[in-house]
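*Asks:*
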Amino acid sequence: MSHHKLEVKDLHYIYPDGHKAVNDMSFCIYHGESVGIIGANGAGKSTLLMLLMGVLFPCQGEVIVGDVHVTKKTLPFIRQRLGMVFQDPDDQLFMTTVYDDVAFGPRNYKLEEKEVENRVLQALDIVGILHLKDRAPFKLSGGEKRAAAIASVLSMQPDILVMDEPTAGLDPKSRRRVMGLLKSFEHTRIITSHDLDMVFDLCERTIVIKDGEIAAQGLTSEILVNAELMDSCGLEVPLALQNCPVCGIRKTVKQPRKKGNDETP
Amino acid sequence: MSNIINSLYNIRLLDDLARKETAIHKIHPLMKLLTTVVYLTVVVSFGKYEIGSLLPLFFYPVMVFALAELPVKPILLRVLFVAPLIIGIGILNPLFDHQVFYLGGITISRGWVAFFSIFIKCGLTVTAAMLLIATTGMDGLAAALRMLKIPRLFVLQLLLTYRYISVLMEEVARILRAYSLRAPEQKGVHRNAWGSLAGQLILRTFDRAQRVYEAMCLRGFTGEYNTGGYERIRVWDLAYLAGWVSFFAITKIYNIPMFIGSLLTGVVK
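Residue numbers (my numbering), protein chains in the order written: chain U, 4 to 268; chain X, 36 to 304.
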């Protein structure tokens, strides 16, 4: 199963304007893992995803999917193995019907139309929007669009799913539905998000990024409860782990130390 | 301002109409494309004073409107968008062509006849093109063009331009909405803001187009816009083409209104 492994070694990326977006990142994600990548705005999450997908190429270091290095030559293979769901589904859905959008990937890989149809129907069925296959994507609701965007990636049958803010802009029910859907996948999952409750629910491991560098990585149950770490990285402990706003009962969260008040427990 | 935004969003009407499942929609895209090309050729082949001979050619759009169950008003409104262009092209005819002819005791300027002829021809050709898109869809049209061995680069240009229009329009709508909410007393956009708004629009659409392109590349896009397998051409599709081409040929060879007119006057006599 080594082809499901994703390895990042000494990754550096500097934008043409000189901004250092990714600085010496290294990590490895194994088959079947669900990993959350979190960080404040501008921390370098989206740039990292672009580097993983081969949209950008690193100035230094490498990204390895299985045993294959991400280079211009290997992009067709890489993009078949890694499927990315964009933050804004409107960027991803551009065909005239949901069916055609989901079929876009398989058709590009020159599959037989019968096989394309099987994959499209299967993907739409998995995300629960088979009944919307003939609808125009721009007429769907936010949750339906997100489901269609996920289906458009699933139809390529990737080993690794990369998702940029999968629950952004969704109402609570749609968010819960998308989370249930993501939980049901057996793929290796890489999820970037500011929705830390979702990361807490879905990811066993979390990588925290700060200013283009990895600030911490480890078990989600240990990382996200570390209020000091979260605070220093411009984040907060997930709402589910914070004090109850009604009765004030304290959760077992390590609180950040206030400046000049080091004796605070 | 809301009218502008609404009309911008209505640009997708043709895509919606193309998803209908009427007898006309089911005809093979290639046959519809060829029928339209022959129709356009016949329409423009008439001389500039031959208004009478053009009249039977109205039959084609009327039939397509009826059989494809298309709404007449929104499509004709789109045809009207090109009206200023048509007027610009044809308006010089009445100014320079002062010759006259007499019809039943009425003096008619040949210049005006030529102008109306241009107006009718443009109207018919643009309507036919609209009807083709509204009954076939851009993807079907692209498939038909590829079947005719049109280079994929041209077809891709056509498709991406068409897609890009809606990207551009959405950004325009967003910018106008944001502007109008902070300029409630103004009608339209003040000229001081034109430059920055246009600049914003270009930068935003570049960004958006880049993201759409990245999304396409991540799903294996390498320059070929695949829209599925080609449908098979059936006998009915060929009959559709043959029927219309025969009709257009008869219209071109015989002056049908004159024939009907003489027939009627003959009967009356």
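Glycine included, every Cβ here is placed at the ideal spot set by N, Cα and C.
DSSP three-state label for X:Leu298, please.
*Replies:* helix
*Asks:* I'd like the list of long-range same chain contacts for U:Ala218, defined as Cβ closer than 6 Å, with 5 residues on each side in sequence excluded.
*Replies:* Val211, Cys236
*Asks:* Let me see if you follow: with CB-CB separation under 8 Å, is U:Thr99 close to chain X or not?
*Replies:* yes
*Asks:* Quick check: X:Glu206 and X:Arg239, are their CB atoms within less than 8 Å of each other?
*Replies:* Going by C-beta atoms, X:Glu206 is nearer than 8 Å to X:Arg239.
*Asks:* What residues from the segment 243–255 of chain X come within 8 Å of chain U, judged by C-beta to C-beta, listed N to C?
*Replies:* Arg243, Arg246, Val247, Glu249, Ala250, Met251, Cys252, Leu253, Arg254, Gly255
*Asks:* In terms of residues, what are the limits of the beta strand (DSSP E) holding X:Ile110?
*Replies:* Careful: X:Ile110 lies outside any beta strand (DSSP E), inside the alpha helix (DSSP H) at 107–115.
*Asks:* Quick one: grab the DSSP three-state call for U:Gln220.
*Replies:* Here U:Gln220 sits in strand by DSSP.
*Asks:* Are the C-beta of U:Gln83 and some C-beta of chain X separated by less than 8 Å?
*Replies:* Interface residue, yes.
*Asks:* Are three or more beta carbon pairs between the segment 62–73 of chain X and the segment 175–189 of chain X nearer than 8 Å?
*Replies:* yes
*Asks:* Tell me whether U:Lys261 is buried or exposed, calling it buried when 16 or more other Cβ atoms sit within 10 Å of its Cβ.
*Replies:* Bear in mind that a pLDDT of 49 at U:Lys261, under 50, signals an unreliable position, so the model cannot answer this.
*Asks:* Given that a residue counts as buried once 16 or more other Cβ atoms are within 10 Å of its Cβ, and exposed if not, what is U:Gly263?
*Replies:* In this prediction, U:Gly263 scores a pLDDT of 46, lower than 50, which makes its location untrustworthy; no coordinate-derived value is stated.
*Asks:* With 8 Å as the limit, tell me which residues of the segment 259–281 of chain X have their beta carbon closer than that to any beta carbon of chain U; keep them in chain order.
*Replies:* Glu259, Asn261, Thr262, Gly263, Gly264
*Asks:* Have a look at the DSSP bridge pairing and note the partners of U:Leu9.
*Replies:* U:Ile32, U:Val68
*Asks:* Is the CB of X:Arg187 under 8 Å away from at least one CB in chain U?
*Replies:* Judged by the 8 Å Cβ criterion, X:Arg187 is not in contact with chain U.
*Asks:* Roughly how far, in whole angstroms, is the beta-carbon of X:Leu130 from the beta-carbon of X:Gly146, given that I think they are within contact range, below 8 Å?
*Replies:* Rounded to the nearest angstrom, the Cβ distance from X:Leu130 to X:Gly146 is 7 Å, consistent with a contact under 8 Å.
*Asks:* For U:Tyr18 and chain X, any beta-carbon pair shorter than 8 Å?
*Replies:* no
*Asks:* Out of X:Met204, X:Leu216, X:Ile210, which has the shortest C-alpha to C-alpha gap to X:Gly230?
*Replies:* X:Ile210
*Asks:* What's the gap between the Cα of U:Asp200 and the Cα of U:Ala243?
*Replies:* 7 Å
*Asks:* Would you list, in sequence order, the uninterrupted alpha helix (DSSP H) runs of no fewer than 4 residues that lie entirely inside the segment 185–222 of chain X?
*Replies:* 187–216
*Asks:* Please list, in chain order, the chain X residues whose beta carbon lies closer than 8 Å to that of U:Asn121.
*Replies:* Using a Cβ-Cβ cut-off of 8 Å, U:Asn121 is close to nothing in chain X; its nearest Cβ partner there is about 14 Å away.
*Asks:* Counting only beta-carbon atoms, is X:Arg198 nearer than 8 Å to chain U?
*Replies:* yes
*Asks:* Identify which residue in U:Thr209, U:Lys213, U:Asn229, U:Met28 has its Cα closest to the Cα of U:Gln220.
*Replies:* Answer by Cα proximity: U:Thr209.
*Asks:* Could you pull out every residue in the same chain whose Cβ sits closer than 8 Å to the Cβ of U:Lys213, ignoring the five residues on either side in sequence?
*Replies:* Gly42, Ala43, Ala46, Ser235, Cys236, Gly237
*Asks:* Check the Cβ-Cβ distances between U:Asp137 and every residue of chain X, and say whether any is below 8 Å.
*Replies:* yes
*Asks:* Compare the C-beta of U:Gly108 against all C-beta atoms of chain X and say whether one is closer than 8 Å.
*Replies:* At least one CB atom of chain X sits nearer than 8 Å to the CB of U:Gly108.
*Asks:* Taking 8 Å as the CB-CB cut-off, is U:Ser155 touching chain X?
*Replies:* yes
*Asks:* What distance in whole Å lies between the Cβ atoms of U:Met166 and U:Ile194, which are believed to be in contact at a cut-off of 8 Å?
*Replies:* 5 Å
*Asks:* Nearest to U:Gln95 by alpha carbon, out of U:Gly145, U:Arg84, U:Tyr33, U:Asp162?
*Replies:* U:Gly145
*Asks:* Residues of chain U with CB closer than 8 Å to the CB of X:Arg54, please, in chain order.
*Replies:* For X:Arg54, the neighbours in chain U by C-beta distance under 8 Å run, in chain order, Thr99, Thr100, Asp137, Ala139.
*Asks:* Alpha carbon to alpha carbon, what distance is there between X:Phe154 and X:Ala118?
*Replies:* 8 Å
*Asks:* Identify every run of the beta strand (DSSP E) within the segment 89–170 of chain X, keeping only runs that are complete inside it and at least 3 residues long; order them along the chain.
*Replies:* Counting only runs that start and end inside the segment 89–170 of chain X, the beta strand (DSSP E) elements of at least 3 residues fall at 135–138, 141–144.
*Asks:* Using a C-beta cutoff of 8 Å, does U:Asp94 count as contacting chain X?
*Replies:* For U:Asp94, the closest Cβ of chain X is nearer than 8 Å.
*Asks:* Please classify U:Val249: does DSSP put it in a helix, a strand, or coil?
*Replies:* Reduced to three states, the DSSP call for U:Val249 is coil.
*Asks:* Which chain U residues sit within Cβ distance under 8 Å of X:Asp51?
*Replies:* Ala139
*Asks:* In this structure, does DSSP put X:Arg54 in helix, strand or coil?
*Replies:* coil
*Asks:* To the nearest whole angstrom, what separates the beta carbons of U:Leu124 and U:Leu135, a pair I think is in contact under 8 Å?
*Replies:* Actually they are not in contact, since the Cβ atoms of U:Leu124 and U:Leu135 sit about 12 Å apart, beyond 8 Å.
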